[in-house]
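J.: So the protein lines, in turn, are chains A and B. One point on numbering: in our numbering, the residue at position 91 of the first sequence is 91, and numbering is uninterrupted. One point on numbering: in our numbering, the residue at position 209 of the second sequence is 209, and numbering is uninterrupted. Using N, Cα and C, we set each Cβ at its ideal position, and we do this for glycine too. Computed from a predicted structure; not experimentally measured.
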Amino acid sequence: MMTRLLAARENADAVLAMALLACVAALAVLVPLLWPPDPLRGVLAATFRPPMAVVEGGLHPLGTDQLGRDLLARLGLGTAISLGIVVLASLISVVLGTSLGMIAGYFGGWVDAVVMRAVDIQLAIPFILLILLVVAVVGPSISNLVLVLGVTGWAIFARVARARTLEIRELEYVEACRAIGVSDAGIIFRHVLPNIFGPQTVLLTLDLPRLVILEASVGFLGLGVQPPTPTLGNLIGEGRAFILLANWLVLYPGLTIGALVVGCNLFGDWLVRRADAKAA
Amino acid sequence: MKSLRFVAGRAVQGVIVMAGVSLIVFFALFLTGDPAAVMMPPDANRAEIEAFRHAMGYDDPILVQYLRFVGGVASGDFGRSLRFQRPAFDLLFERLPATALLAVTALLWSSLLGFVLGTLAAVRKNGAIDFAIRVISLLGQAVPVFWLGLLLIIVFSLKLRWLPSGGIGTPAQLVMPSLALGAYYFSAITRLVRASLIEVLGENYIRTARAKGTSEWRIVVHHAMRNALIPVITVQGMYFASLLGGALITEIIFAWPGIGRLAVDSIQTKDFPVVQAVVLFAAFVFVVTNFLVDVAHVFLNPRVRL
Chain A
1 MMTRLLAARE
11 NADAVLAMAL
21 LACVAALAVL
31 VPLLWPPDPL
41 RGVLAATFRP
51 PMAVVEGGLH
61 PLGTDQLGRD
71 LLARLGLGTA
81 ISLGIVVLAS
91 LISVVLGTSL
101 GMIAGYFGGW
111 VDAVVMRAVD
121 IQLAIPFILL
131 ILLVVAVVGP
141 SISNLVLVLG
151 VTGWAIFARV
161 ARARTLEIRE
171 LEYVEACRAI
181 GVSDAGIIFR
191 HVLPNIFGPQ
201 TVLLTLDLPR
211 LVILEASVGF
221 LGLGVQPPTP
231 TLGNLIGEGR
241 AFILLANWLV
251 LYPGLTIGAL
261 VVGCNLFGDW
271 LVRRADAKAA
Chain B
1 MKSLRFVAGR
11 AVQGVIVMAG
21 VSLIVFFALF
31 LTGDPAAVMM
41 PPDANRAEIE
51 AFRHAMGYDD
61 PILVQYLRFV
71 GGVASGDFGR
81 SLRFQRPAFD
91 LLFERLPATA
101 LLAVTALLWS
111 SLLGFVLGTL
121 AAVRKNGAID
131 FAIRVISLLG
141 QAVPVFWLGL
151 LLIIVFSLKL
161 RWLPSGGIGT
171 PAQLVMPSLA
181 LGAYYFSAIT
191 RLVRASLIEV
201 LGENYIRTAR
211 AKGTSEWRIV
221 VHHAMRNALI
231 PVITVQGMYF
241 ASLLGGALIT
251 EIIFAWPGIG
261 RLAVDSIQTK
271 DFPVVQAVVL
281 FAAFVFVVTN
291 FLVDVAHVFL
301 NPRVRL
């Protein structure tokens with residue numbers, strides 16, 4: 001009885017996570033595709049209208065901003081851009097980190113030492129500072145942001161991939177592969193990689209919230225993607241000047257970030273618990 | 001003797017890390033190939049850029065420049081601020097007390113409360129209290145510092161008019177920034193203490209203590225807590241770094257005159273020597289903290305005593 005109750009709660013977590021992520025995904029995909037108002041051009045006669053305001057027959061469910069632009073349209077596009085940046089960046093991090101981690105763990109010796117010190121160095125610099133510095137030097141375009149966020153996020157993936165590879169390397173079937181003359185690259189890609197794919201995916205889910213908040217922070221400071229293009233952080237950063245007048249400009253982008261982060265965290269935790277239960 | 005060697009090894013690693021950080025911080029300016037063009041205002045003409053390049057020494061061979069940079073840092077010279085025409089290190093040091101005050105306050109309330117709530121949640125595992133604490137900690141990790149900060153300002157400064165929305169000097173001005181900055185950390189500590197304590201409470205020696213009729217309170221405080229705290233201490237170093245990153249945002253929102261604000265202002269005005277000094281300083285704090293955590297680990301946990 002107790003275990004069934006617990007299982008039900010665990011699954012409730014997964015359902016809630018899915019629901020939150022589905023809402024955010026719908027916002028990012030459906031709104032830019034289907035919602036008619038222009039996210040970049042507004043009606044100057046209709047600035048700072050509160051949520052559910054109707055202007056010239058057009059409904060603004062989340063209100064309008066300082067230039068009379070529809071907040072729902074801007075939030076949809078902003079979520080899509082932020083998600084795009086974060087997902088692409090995380091892919092770079094995963095590929096880079098997993099490759100280096102596997103190489104370090106598999107070969108050991110000085111290769112391992114070099115990669116692990118590089119991990120230490122990467123983790124010693126506060127992400128936000130490094131990203132702000134690099135973006136200030138190379139310029140705040142979307143592709144630059146993707147690159148910087150991706151390249152700076154590799155360290156955690158490398159650390160975990162290395163630890164798993166160290167274990168896998170000692171397994172008997174890997175030894176057997178070596179004995180029959182399978183190349184190092186063959187072993188890494190055919191036998192090590194499939195074994196760490198699952199854990200790395202879980203780690204990715206748990207690391208996404210960090211990236212979401214990081215990207216939003218850079219946008220909030222006005223040093224990320226430049227206006228009028230919206231991102232989740234930009235929207236809050238721009239809305240900040242008007243919180244007395246129009247707190248919805250800050251409220252809804254923040255809720256979107258919250259939904260995204262809670263969804264990822266719950267989902268990641270659920271994956272971890274499921275993996276633990278399977279292992280037990 | 002072995003512990004001593006371990007400590008020495010960690011110290012060497014720390015030095016290597018700092019060397020690596022200096023490399024990154026130095027070469028970040030050369031990502032576009034020409035730091036002079038990046039740092040000069042967009043309307044500067046070629047002669048002005050040339051003169052600036054020469055004045056900053058950017059026309060020397062890059063290795064010479066790097067050695068000069070490292071030599072300067074090693075002797076406490078972090079370069080000069082372009083904006084203030086003063087040593088970058090002096091600027092940083094003037095702002096240090098404000099950031100330290102903010103970070104320590106945030107760290108104190110969040111670890112104390114996180115510790116208490118985490119323990120409570122672990123002892124009452126799967127009960128109503130556990131659930132409530134879980135919701136709070138999930139939300140604490142979900143909202144970005146800047147959003148929480150703005151929300152606090154809207155509610156407590158603009159609506160209720162209880163607290164000032166920014167500045168430094170009175171205790172009331174410290175409340176909201178430290179609350180915003182510590183929220184994430186508080187959630188992390190709560191979750192960690194809970195998970196760690198639950199794991200330890202399932203160990204055999206705890207069952208033995210229970211079988212002997214030891215009170216639950218005594219079991220938690222005397223037997224379980226010591227072991228449960230080890231992972232908590234281990235991650236402190238990691239979180240401390242994210243605390244510095246968070247301080248950067250918090251200081252902007254609440255007009256707190258600390259290092260983070262200095263960093264953002266310097267980035268916006270392309271005053272890169274100051275930014276470099278801040279990054280180096282942050283990394284230094286991180287390395288030292290982690291070193292201390294590693295050392296503490298050796299002395300607290302007999303199992304890693306080599």
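For B/R83, does the three-state DSSP call read helix, strand or coil?
T.: Mapped onto the second sequence, residue 83 of chain B falls at position 83. The answer is coil: DSSP assigns B/R83 none of H, G, I, E or B.
J.: Residues of chain B with CB closer than 7 Å to the CB of A/S217, please, in chain order.
T.: To locate residue 217 of chain A, count along the first sequence from 1; it is residue 217. Within chain B, the residues near A/S217 are P144, F146, I249.
J.: Which residue spans inside the stretch 139 to 185 of chain A form an unbroken alpha helix (DSSP H) run of at least 4?
T.: 142 to 152, 154 to 169, 172 to 179
J.: Rounded to whole angstroms, how far is the Cβ of A/L221 from the Cβ of A/A136, which I believe are closer than 8 Å?
T.: Taking the first sequence and counting its residues from 1, one reaches residue 221 of chain A at position 221. Taking the first sequence and counting its residues from 1, one reaches residue 136 of chain A at position 136. Not confirmed; about 11 Å, so no contact.
J.: Please report the straight-line C-alpha distance between A/M1 and B/N126, rounded to a whole angstrom.
T.: In the first sequence, the residue the question calls residue 1 of chain A occupies position 1. In the second sequence, the residue the question calls residue 126 of chain B occupies position 126. With a pLDDT of 49 at A/M1, under the threshold of 50, the modelled position of this residue cannot be trusted, and the question is left open.
J.: Shortest alpha-carbon distance to A/T229 belongs to which of A/P32, A/M102, A/L211?
T.: Numbered from its first residue, the first sequence carries residue 229 of chain A at position 229. Among A/P32, A/M102, A/L211, the Cα nearest to that of A/T229 is on A/P32.
J.: Taking beta-carbon pairs under 7 Å, can you tell me which members of the stretch 241 to 262 of chain A lie near chain B?
T.: If the cut-off is 7 Å between Cβ atoms, the stretch 241 to 262 of chain A has I243, L244, N247, V250, G254, I257, G258, V261, V262 near chain B.
J.: Kindly confirm or deny that the stretch 198 to 211 of chain A and the stretch 39 to 50 of chain A touch, where touching means at least three C-beta pairs closer than 8 Å.
T.: no
J.: So that I know if they touch, is there some Cβ in chain A lying closer than 8 Å to that of B/A28?
T.: Position 28 of the second sequence, counted from the start, is the residue given in the question as residue 28 of chain B. So, interface residue.
J.: What separation, rounded to the nearest whole angstrom, lies between the Cα atoms of A/L83 and A/L132?
T.: Position 83 of the first sequence, counting from 1, holds the residue named residue 83 of chain A. Position 132 of the first sequence, counting from 1, holds the residue named residue 132 of chain A. Whole-angstrom Cα-Cα distance: 19 Å.
J.: Once DSSP output is grouped into helix, strand and coil, what is the label at A/D276?
T.: Start at 1 with the first residue of the first sequence, and residue 276 of chain A comes out as number 276. The answer is helix: DSSP assigns A/D276 an H, G or I state.
J.: Check whether the Cβ atoms of B/L92 and B/I252 sit closer than 8 Å, and answer yes or no.
T.: To locate residue 92 of chain B, count along the second sequence from 1; it is residue 92. To locate residue 252 of chain B, count along the second sequence from 1; it is residue 252. Not in contact: B/L92 and B/I252 (Cβ atoms no closer than 8 Å).
J.: With distance defined between alpha-carbon atoms, name the residue in A/V15, A/L260, A/K278, A/F48 nearest to A/A80.
T.: Counted from its first residue, the first sequence places residue 80 of chain A at position 80. Of the candidates A/V15, A/L260, A/K278, A/F48, the one whose C-alpha sits nearest the C-alpha of A/A80 is A/L260.
J.: Among A/V86, A/H191, A/V218, which one has its Cα closest to the Cα of A/R164?
T.: Position 164 of the first sequence holds residue 164 of chain A. Answer by Cα proximity: A/H191.
J.: Can you give the Cα-Cα distance for B/R261 and B/I206, rounded to whole angstroms?
T.: Along the second sequence, read from residue 1 onward, the residue named residue 261 of chain B stands at position 261. Along the second sequence, read from residue 1 onward, the residue named residue 206 of chain B stands at position 206. Roughly 48 Å separates the two Cα atoms.
J.: For A/N234, does the count of other Cβ atoms within 10 angstroms reach 16, so buried, or fall short, so exposed?
T.: In the first sequence, residue 234 of chain A corresponds to position 234, counting from 1. It is buried - the Cβ of A/N234 has at least 16 other Cβ atoms within 10 Å.
J.: Restricting to Cα atoms, I'd like to know which of A/V55, A/L71, A/V15, A/V24 is closest to A/L251.
T.: Looking up residue 251 of chain A in the first sequence gives position 251. Ranking A/V55, A/L71, A/V15, A/V24 by CA distance to the CA of A/L251 puts A/L71 first.
J.: Could you tell me if A/P194 is buried or exposed, where buried requires 16 or more neighbouring beta carbons within 10 angstroms of its beta carbon?
T.: Counted from its first residue, the first sequence places residue 194 of chain A at position 194. It is exposed - the Cβ of A/P194 has fewer than 16 other Cβ atoms within 10 Å.
J.: Do you know offhand how far B/R95's Cα is from B/Q173's?
T.: Position 95 of the second sequence holds residue 95 of chain B. Position 173 of the second sequence holds residue 173 of chain B. Cα to Cα, the separation comes out at about 17 Å.
J.: Does the pairing of the stretch 15 to 22 of chain A with the stretch 260 to 272 of chain A give three or more beta-carbon distances under 8 Å?
T.: With a cut-off of 8 Å, the stretch 260 to 272 of chain A and the stretch 15 to 22 of chain A count as touching, because enough Cβ pairs lie within range.
J.: Within 8 Å (strictly less), CB to CB, does B/A195 reach chain A?
T.: The residue given as residue 195 of chain B occupies position 195 in the second sequence. Not an interface residue.
J.: Would you check if the distance between the CB atom of A/R49 and the CB atom of A/H60 is smaller than 8 Å?
T.: Mapped onto the first sequence, residue 49 of chain A falls at position 49. Mapped onto the first sequence, residue 60 of chain A falls at position 60. One thing to note: A/R49 has its Cβ within 8 Å of the Cβ of A/H60.
J.: Return the Cβ separation of A/Q226 and A/V94 in integer angstroms, given the expectation that the two are a contact with Cβ distance under 8 Å.
T.: To locate residue 226 of chain A, count along the first sequence from 1; it is residue 226. To locate residue 94 of chain A, count along the first sequence from 1; it is residue 94. At roughly 28 Å, the Cβ-Cβ gap does not stay under 8 Å, so A/Q226 and A/V94 are not in contact.
J.: In this structure, does DSSP put A/V225 in helix, strand or coil?
T.: Position 225 of the first sequence holds residue 225 of chain A. In the structure shown, A/V225 sits in coil (DSSP, three-state: anything other than H, G, I, E or B).
J.: Does the stretch 281 to 296 of chain B come close enough to the stretch 112 to 131 of chain A that 3 or more CB-CB pairs lie under 8 Å?
T.: yes
J.: Of the choices B/V220, B/R194, B/L31, B/V278, whose alpha-carbon is the least far from that of B/L248?
T.: Counting from one through the second sequence, the residue named residue 248 of chain B turns up at place 248. Minimum Cα distance to B/L248 is reached at B/V278.
J.: In whole angstroms, give me the CA-to-CA distance for A/L96 and B/L192.
T.: In the first sequence, residue 96 of chain A corresponds to position 96, counting from 1. In the second sequence, residue 192 of chain B corresponds to position 192, counting from 1. Cα-Cα distance, rounded: 28 Å.
J.: Under a three-way DSSP split, which group does A/M1 fall into?
T.: Here residue 1 of chain A refers to the residue found at position 1 when the first sequence is read from its first residue. Unreliable positioning characterises A/M1 in this predicted model, as indicated by a pLDDT of 49, which lies under 50. A coordinate reading is not provided.
J.: According to DSSP, simplified to helix, strand and coil, what is B/T289?
T.: Taking the second sequence and counting its residues from 1, one reaches residue 289 of chain B at position 289. The answer is helix: DSSP assigns B/T289 an H, G or I state.
J.: Indicate whether at least one CB of chain A lies closer than 8 Å to the CB of B/L306.
T.: Reading the second sequence from its first residue, position 306 is the one you call residue 306 of chain B. Residue placement at B/L306 cannot be trusted, given a pLDDT of 48 that sits under 50; the coordinates are not used to answer.
J.: For B/T307, decide whether its Cβ has a neighbour in chain A, counting only Cβ atoms nearer than 8 Å.
T.: Any property of residue 307 of chain B remains undetermined from this structure, which presents chain B solely from 1 to 306.
J.: Quick check on B/V15: does DSSP put it in helix, strand or coil?
T.: The count along the second sequence starts at 1 and reaches residue 15 of chain B at position 15. In the displayed model, B/V15 falls within a helix according to three-state DSSP.
J.: Are any of the Cβ atoms in chain A nearer than 8 Å to that of B/K270?
T.: As a first step, residue 270 of chain B is located in the second sequence; it is residue number 270 there, counting from the start. Cβ-Cβ to chain A under 8 Å: yes for B/K270.
J.: Looking only at C-alpha atoms, which of A/T98, A/D38, A/D13, A/G63 sits nearest to A/N247?
T.: Stepping through the first sequence from its first residue, residue 247 of chain A is reached at position 247. Comparing Cα positions, the closest option is A/G63.
J.: Note down, in chain order, each residue of its chain lying with its Cβ closer than 8 Å to the Cβ of B/I315, except the 5 sequence neighbours on either side.
T.: Residue 315 of chain B lies beyond the stretch modelled for chain B, which goes from 1 to 306, so this question has no answer here.
J.: Can you tell me the Cβ-Cβ gap for A/L129 and B/A255, rounded? I've got them flagged as a contact below 8 Å.
T.: To locate residue 129 of chain A, count along the first sequence from 1; it is residue 129. To locate residue 255 of chain B, count along the second sequence from 1; it is residue 255. So it is not a contact: roughly 20 Å between Cβ atoms.
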